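The next block holds one structure in the form of structure tokens; read it before the comments.
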Amino acid sequence: FKLVSERKLNINPTTKLLNASVQACAAQCTYMDSFICRSFDYFTDTNTCYFYKENLKDKIHINLNLVENKNCNHYSRKI
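Structure below.
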């Protein structure tokens, strides 16, 4: 995963995981059964991660941007 500090995606997530660590979110995203998880936002203030079908490589195809959020870090898979 590629880390982008203090940023989050500007789209709606597919699903979320509550009360989790960054490591748990990364593992969940890697082994997601219901869809191909390509990135997640991790909120440090609530220990919540939001999973996405999209990642930063999709930016050239759709209107995808990262917006500033001091309580969030974005993690995008390298695939």
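Numbering (this note's numbering), first residue to last: 5 to 83.
The C-beta atom is built at its ideal place from N, Cα and C for all residues, glycine as well.
Please read these numbers as outputs of a predicted model, since none were measured by experiment.
Could you give the distance in angstroms between the alpha-carbon of LYS82 and the alpha-carbon of LYS57? Here the question's residue 82 lines up with position 78 in the sequence shown. Here the question's residue 57 lines up with position 53 in the sequence shown. Using only the alpha carbons, I get a separation of about 13 Å.
Would you mind working out which of VAL8, ASN73, THR50, LEU68 sits nearest SER25, comparing C-alpha positions? Against the sequence shown, residue 25 aligns to sequence position 21. The option with the nearest alpha carbon to SER25 is THR50.
Could you tell me whether any Cβ in chain D is nearer than 8 Å to the Cβ of CYS41? Among the chains in the structure shown there is no chain D, since it carries only a single protein chain.
Alpha-carbon to alpha-carbon, TYR79 and PRO17: For the purposes of this step, residue 17 is taken as residue 13 along the sequence shown, with counting starting at 1. For the purposes of this step, residue 79 is taken as residue 75 along the sequence shown, with counting starting at 1. Their backbone Cα atoms lie some 13 Å apart in a straight line.
Starting from ARG11, follow its DSSP beta bridges and name the residues at the other end. Start at 1 with the first residue of the sequence shown, and residue 11 comes out as number 7. BP columns for ARG11 point to GLU72.
Taking 7 Å as the limit between beta carbons, can you name the residues of its chain near SER38, skipping five residues before and five after? Along the sequence shown, read from residue 1 onward, the residue named residue 38 stands at position 34. Closer than 7 Å at Cβ, skipping near neighbours: no residue.
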